[in-house]
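Numbering (full-length UniProt numbering), first residue to last: 1 to 138.
Even glycine gets a Cβ: it sits at the ideal position worked out from N, Cα and C.
Contents: one structure, followed by commentary.
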């Protein structure tokens, strides 16, 4: 396993929160992707500038990441975080994904995404949210 990082969801104020975290921890954003950048995915009206993914490196390998939740009804304080695992290989990511998904609920299957990386997310049988990722450009 390459890394484990916190992944947060916000109710429309990710950019504000991450500018605050940047002022606290310093550094520069490694990535900012907006909803309008999602290829082939419908974006609700008024959500185009919301954050699809943002990453702020904190130290040696730990990266704070987040996105906006575009569905206000599904956002609840407490379900707004994931444990994000960055696997060493596609196969390791798939193995971990399948094991964690057993008895749980898959949100997005583990597969190659439009941005080029492998990604999937799920809630395990204990209610913990997980993201599994693999980047061929590690």
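Item, Value
"Using C-beta distances below 6 Å, list every residue in its chain close to residue 109, excluding the 5 sequence neighbours before and after it, in chain order.", "120"
"Count Cβ pairs between the region 19-26 and the region 75-88 that sit closer than 8 Å; are there 3 or more?", "no"
"Sort 105, 111 and 112 by Cα distance to residue 126 and report the nearest one.", "105"
"Note down, in chain order, each residue of its chain lying with its Cβ closer than 6 Å to the Cβ of residue 114, except the 5 sequence neighbours on either side.", "39"
"Across which residues does DSSP place residue 68 in a beta bridge pair?", "10"
"Less than 8 Å between C-beta atoms, sequence neighbours within five positions excluded: which residues of the same chain meet that for residue 92?", "1 and 134"
"Counting only the same chain and skipping the five closest in sequence on each side, list residues whose C-beta sits under 8 Å from that of residue 4.", "83, 84, 85 and 86"
"Taking its Cβ as the centre, do 16 or more other Cβ atoms sit within 10 Å of residue 89, making it buried, or is it exposed?", "exposed"
"In this structure, how does DSSP classify residue 149 when only helix, strand and coil are distinguished?", "Coverage of the chain is limited to positions 1 through 138, which leaves residue 149 absent and any answer about it impossible."
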